[in-house]
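To start, the structure under review is shown below, and the notes come after it.
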Ligand code: HPA
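Residue numbers (the numbering used here): 32 to 307.
Now the structure itself:
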């Protein structure tokens, strides 16, 4: 059930009725543990996802589930407090729905964050990784179905999904703040089960440095409609089979909480300098 351009327009108009003439510059997709950043937005205007008809009756699990519009580090932002994942039963197109709304509301940039398992055995839990590219091999992507020409072309180029310029700015911000920032490739797995050790070995052979269950739908749609993306991953655990221990959701949550202050500092540093 693909969306039409009108579906996006109707929902963007619903949001406009709440935010008036406010035009966000940046969409911020906040992963697990980073939702608190939306509470730091100045002069916030809050729009619950459920006010957009697409979400009616399908609340994101365990998350606040709202957009927060306002100012952060001198930029006009549209933050998502709570995000959707394919493993909740949403299609990639549904997961990426807010990206096109943001574009319609005026945003030309996206900051997307996530938690992921670390495949690169030279790196450590708790470190941050700049996403320089991604791998998504299986299943239909978010652009499956009729192309919406209003947003972009049928066969969009994917050679710079994650902006090189934004990567440089984030690296400079990290350096100034003394934050270790790795650079690598994020590989999408649908979840909700973690990967098997054999899947992680395969991912490593393919060139992945981190594996996770999000981000790729939104980044693909952002690239399609010409938005510039900064992607940052928090490596919350070594991926399956790297260490002789089982993976647990608690481990992931604890690592997110521990890294949250550093993560948010980096994002603020980026926001303050992104127009360089
Ligand atoms: N695999 C997939 N998604 C994840 C992981 C992982 O190891 N850690 C956090 N999100």
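Here a beta-carbon is modelled for each residue, glycine too, at the ideal position from N, C-alpha and C. Computed from a prediction, not measured in an experiment: that's the story for all the values here.
> From what residue to what residue does the beta strand (DSSP E) around residue 187 run?
Replying inline: Per DSSP, residue 187 belongs to no beta strand (DSSP E) and is neither H nor E.
> Using CA coordinates, which residue listed in 72, 99, 96 and 120 is at the minimum distance from residue 223?
Replying inline: When the alpha-carbon of residue 223 is set against those of 72, 99, 96 and 120, the nearest one is in 120.
>> For residue 251, report the span of its beta strand (DSSP E) as first-last.
In response: Counting along the chain, residue 251 falls outside any beta strand (DSSP E), though it belongs to the alpha helix (DSSP H) covering 247-255.
> Which whole runs of the alpha helix (DSSP H) in the region 119-143 are 4 residues long or more, in chain order?
Replying inline: Runs of the alpha helix (DSSP H) inside the region 119-143: 123-126 and 128-136.
>> Strictly by DSSP, which residues pair up with residue 112?
In response: Beta-bridge partners of residue 112 (DSSP): 61 and 97.
>> Suppose the cutoff is 6 angstroms on Cβ atoms and the five residues either side in sequence are ignored; what does the same chain contact list for residue 93 look like?
In response: Since pLDDT at residue 93 reaches only 41, below the 50 mark, its modelled position is unreliable, and the value read off the structure follows with that caveat. Counting only residues of its own chain and dropping the five nearest sequence neighbours on each side, residue 93 has no CB closer than 6 angstroms to any other CB.
> Alpha carbon to alpha carbon, how far is residue 305 from residue 278?
Replying inline: If I take the Cα positions, the gap works out to 36 angstroms.
>> For a minimum of 3 consecutive residues, which ranges assigned as the beta strand (DSSP E) are wholly contained in the region 149-189?
In response: Listed in chain order, they are 159-166.
> Among the residues of its own chain, which have a CB less than 7 angstroms from the CB of residue 256, if the five just before and after it don't count?
Replying inline: Excluding positions up to five away in sequence, the list reads 131, 134, 182 and 183.
> Does the beta-carbon distance from residue 99 to residue 72 come in below 8 angstroms?
Replying inline: Against a cut-off of 8 angstroms, the Cβ pair of residue 72 and residue 99 comes out as a contact.
> Within the present structure, is the beta-carbon of residue 147 separated from the nearest heavy atom of the ligand HPA by less than 7 angstroms?
Replying inline: For residue 147, the distance from the CB to the nearest heavy atom of the ligand HPA is below 7 angstroms.
> Thinking C-alpha only, which one of 33, 67, 70 and 147 is nearest residue 247?
Replying inline: Nearest option by C-alpha distance: 147.
> What is the C-beta distance between residue 240 and residue 160, in whole angstroms, given that I count them as a contact (C-beta under 8 angstroms)?
Replying inline: Between residue 160 and residue 240 the Cβ distance is about 7 angstroms, and since that is below 8 angstroms, they are a contact.
>> Less than 7 angstroms separating the Cβ of residue 242 from some heavy atom of the ligand HPA?
In response: Yes; taking the cut-off as 7 angstroms, the Cβ of residue 242 has a heavy atom of the ligand HPA nearer than that.
> Taking the beta strand (DSSP E) that residue 306 falls in, what are its first and last residues?
Replying inline: That residue, residue 306, is in no beta strand (DSSP E); it is neither H nor E in DSSP.
>> Just to check my reading of the structure: residue 158 and residue 216 have Cβ atoms closer than 8 angstroms, yes? What is that Cβ distance to the nearest angstrom?
In response: The distance from the Cβ of residue 158 to that of residue 216 is about 15 angstroms, inconsistent with a contact at the 8 angstroms cut-off.
> If you count every other CB in all the chains shown that lies within 10 Å of the CB of residue 228, and 16 or more means buried, which is it?
Replying inline: Exposed: under 16 other Cβ atoms inside 10 Å.
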